[in-house]
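What follows is a set of notes on a single structure, which appears directly below.
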Amino acid sequence: MIEVSNLSKSYGKSRGIEDLTFSIPEGQIVGFLGPNGAGKTTTMNIITGYLSAGGGTAKIAGIDVLENPLEAKRHIGYLPEQPPLYPQMTVEEYLDFVYELKGVKSPDQQKHIDKLCKTAGLTDVYKRVIAHLSKGYRQRVGLAQALIGDPDVLILDEPTVGLDPRQIVEIRNVIKEMGKSRTIILSTHILPEVSAVCERVLVIANGRIVADDKPENLSAAVAGERNLLVRVAGAKDNIQQLLRSLDGVKSAQCLGEMETGSFDFLVESKPNIDIRKPLFSALAKAGTPILMLRPQDASLEDIFLKLTEEGK
Amino acid sequence: MLAIFKRDFKAYFTSPIGYIYLGSYILVLNLIFYFFNALGGSSSLSGVFSFMLLVMMFLTPILTMRVFSEEYKQKTDQLLFTSPVKLSGIVMGKYLSSLGVFVCLLVLSLLWPFTISIFGVNNMAEVAGNYIAILALGAAYIAMGVFISSLTENQVIAAVGSLGLFVALYILEQVSTLFYESGAMPVIVMRFLRFLSIFGRFDGITRGVFAVDDIVYFLSVTAVFLFLTVRGLEKRRWS
Chain A
91 MIEVSNLSKS YGKSRGIEDL TFSIPEGQIV GFLGPNGAGK TTTMNIITGY
141 LSAGGGTAKI AGIDVLENPL EAKRHIGYLP EQPPLYPQMT VEEYLDFVYE
191 LKGVKSPDQQ KHIDKLCKTA GLTDVYKRVI AHLSKGYRQR VGLAQALIGD
241 PDVLILDEPT VGLDPRQIVE IRNVIKEMGK SRTIILSTHI LPEVSAVCER
291 VLVIANGRIV ADDKPENLSA AVAGERNLLV RVAGAKDNIQ QLLRSLDGVK
341 SAQCLGEMET GSFDFLVESK PNIDIRKPLF SALAKAGTPI LMLRPQDASL
391 EDIFLKLTEE GK
Chain B
1448 MLAIFKRDFK AYFTSPIGYI YLGSYILVLN LIFYFFNALG GSSSLSGVFS
1498 FMLLVMMFLT PILTMRVFSE EYKQKTDQLL FTSPVKLSGI VMGKYLSSLG
1548 VFVCLLVLSL LWPFTISIFG VNNMAEVAGN YIAILALGAA YIAMGVFISS
1598 LTENQVIAAV GSLGLFVALY ILEQVSTLFY ESGAMPVIVM RFLRFLSIFG
1648 RFDGITRGVF AVDDIVYFLS VTAVFLFLTV RGLEKRRWS
């Protein structure tokens, strides 16, 4: 549905994006992940035809954005980072304007817009002036705007930024719901969002793609060995010695006294060995009870930091 | 294009800009009309229209400063430029909406010839000439203003920039006349400046000398600036 090949764009001497290539099949929700200034917005702006690429091509549904921009744009609904709203218009006027602007041919304009308002949760503020709406509602108006004309491709630049936690969940659900019948690119630097919504992640750093996989595969790839965080009551040295003497433990590092009379340790096990049971019995035998045991899987944060560091 | 025209035209009247623009014109020009025609006992509108020329230099920037600058600032240009509308369609929609407000003003000013027709006799040729001239000039001015507005996201800069352009053109005109009269300028340069001169042509039309080349000139200036606007917007995408 979306084909991007060798896309590049530079701003003066600083490079924006470099040789970006990826393709997204129909019906996939893809998360675009990267630190600020990585080139997410630039890429989206090129795909939507707002900017021109320095080199390479972007195709939507087989139509080259550069060669046939009008046709390509008909397939896209775009929610930029800052929703493109006219503050002095009411939600109703604004959506009617976008409807006309996009030249949508739907049998019943009012019905179409009503449906979108329901999806985006705008029915209550339909008659209000946009300038008086809260940030969350403006974001929804932006989303409704992108949905006008039922485009097959949705490009959302940080759709949940500035929303409160409940709204974030709502908007994510809306996106998931829409993703059933559409191809969606969603950019974000909020990592849980990716695992919550996306089927696939493209990590972009310094204008390059540094990873392209399912969210769960990514964490497995980086995690490698399994780490455990244990809090044990007792004397520091004894415990450390005991932990190190255990079979399958690669290293045990004391993180300090977090709670009086107990110490936290980061225990790194050798690959493919589950040390939790021996750990428990050994510590119990020594009379030093475990107060807490937590697996330290590499979170998306770690992956993100690791990958984006490597990209430099 | 129609959607943009409608929205922009409406926007002039949902914000104070449209009222300030029309209000200032009406205030100033009706005073002039009162002095020239009512107190002066004249039935010729040429005086008022010549004055309108000056007022236009200062008020057109108010009309055009927001056209693109505000879109950039609100980031709504992203909506326009990613919608399936050609750049030329966007520019025309916006241009026509500004021109539309100006036409509203001209319609309001029809009150003058109407008033004169009650108390005296209009010189219809002169009135028609004046209206055509002012419309042609307004069209050119607005095109210039739209162009300047497409260059910056700051409305104040857009307004001052357009004003600067208008004043510069005006001064060029005056200076060239001055030099010509003192013989300090070769005739060919003078002719060239006269050819470019907006106001020289305007004078001709208001005096009732209706020349096709003058109208073509104004239309060309309009077309050139609208073309430049489209090209400028295209270039923005590439930078």
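Residue numbers (the working numbering), protein chains in the order written: chain A, 91 to 402; chain B, 1448 to 1686.
For glycine and all other residues, C-beta sits at the position ideal for the given N, C-alpha and C.
Non-local C-beta neighbours of Q343 (chain A) in its own chain, meaning closer than 6 Å and more than five positions away in sequence, comprise L356, ordered along the chain.
Between H222 (chain A) and L123 (chain A) the beta-carbon gap is near 34 Å, outside 8 Å, which marks them as no contact.
Per DSSP, the unbroken beta strand (DSSP E) holding Y101 (chain A) starts and ends at I92 to Y101.
Under the Cβ distance rule, K149 (chain A) does not count among the residues neighbouring chain B, no pair being separated by less than 8 Å.
With contacts defined as CB atoms closer than 8 Å, I150 (chain A) and I92 (chain A) qualify as a contacting pair. Annotation: K1520 (chain B) has no Cβ neighbours in chain A at a cutoff of 8 Å; minimum Cβ distance is about 11 Å. Taking 8 Å as the threshold, the shortest C-beta distance from P1463 (chain B) to chain A does not fall below it.
For R164 (chain A), the neighbours in chain B by C-beta distance under 7 Å run, in chain order, P1531.
Closest in alpha carbon position to K99 (chain A), among A:N135, A:L237 and A:G232, is A:N135. When only Cα atoms are considered, P385 (chain A) and Q330 (chain A) end up about 18 Å apart. Chain order gives the chain A residues near F1528 (chain B) as G139 and Y140, where near means a beta carbon separation below 8 Å. In terms of beta-carbon proximity, P385 (chain A) stays away from the interface with chain B, with every pair separated by 8 Å or more. Taking C-beta atoms as the reference points, M1512 (chain B) and F1613 (chain B) fail to come closer than 8 Å.
CA-to-CA, the gap between Y176 (chain A) and R321 (chain A) works out to about 55 Å. Contact between R230 (chain A) and L212 (chain A) holds: their C-beta atoms lie close to 6 Å from each other, under 8 Å.
Distance from the CA of S113 (chain A) to the CA of F1646 (chain B), rounded to the nearest whole angstrom, comes to 58 Å. One alpha carbon belongs to L319 (chain A), the other to D214 (chain A), and they sit about 48 Å apart. Residue-level contact check: R1454 (chain B) touches chain A, since one or more beta carbons of chain A fall below 8 Å from its beta carbon.
Between V120 (chain A) and L292 (chain A), the C-beta spacing is below 8 Å.
Contact note: Y227 (chain A) does not reach chain B at a C-beta cutoff of 9 Å; the least C-beta distance is about 17 Å. P1531 (chain B) carries a coil assignment under DSSP once its states are collapsed to helix, strand and coil. Contact of Y176 (chain A) with chain B by beta-carbon distance below 8 Å involves R1454, A1458, Q1521 and T1523. With contact defined as three or more Cβ pairs closer than 8 Å, the region 1611-1631 of chain B and the region 1520-1539 of chain B are not in contact. Distance from the Cα of L1616 (chain B) is smallest, within the candidate group B:L1584, B:E1600, B:S1629 and B:G1630, for B:L1584. Taking the Cα of G1592 (chain B) as reference, the smallest distance to any Cα among B:L1582, B:I1581, B:V1659 and B:A1606 is reached at B:A1606. In the three-state reduction of the DSSP assignment, I365 (chain A) falls in the coil class.
Between E1518 (chain B) and Q1602 (chain B), the C-beta spacing is not below 8 Å. For L212 (chain A), no beta strand (DSSP E) encloses it, and the DSSP letter there is neither H nor E.
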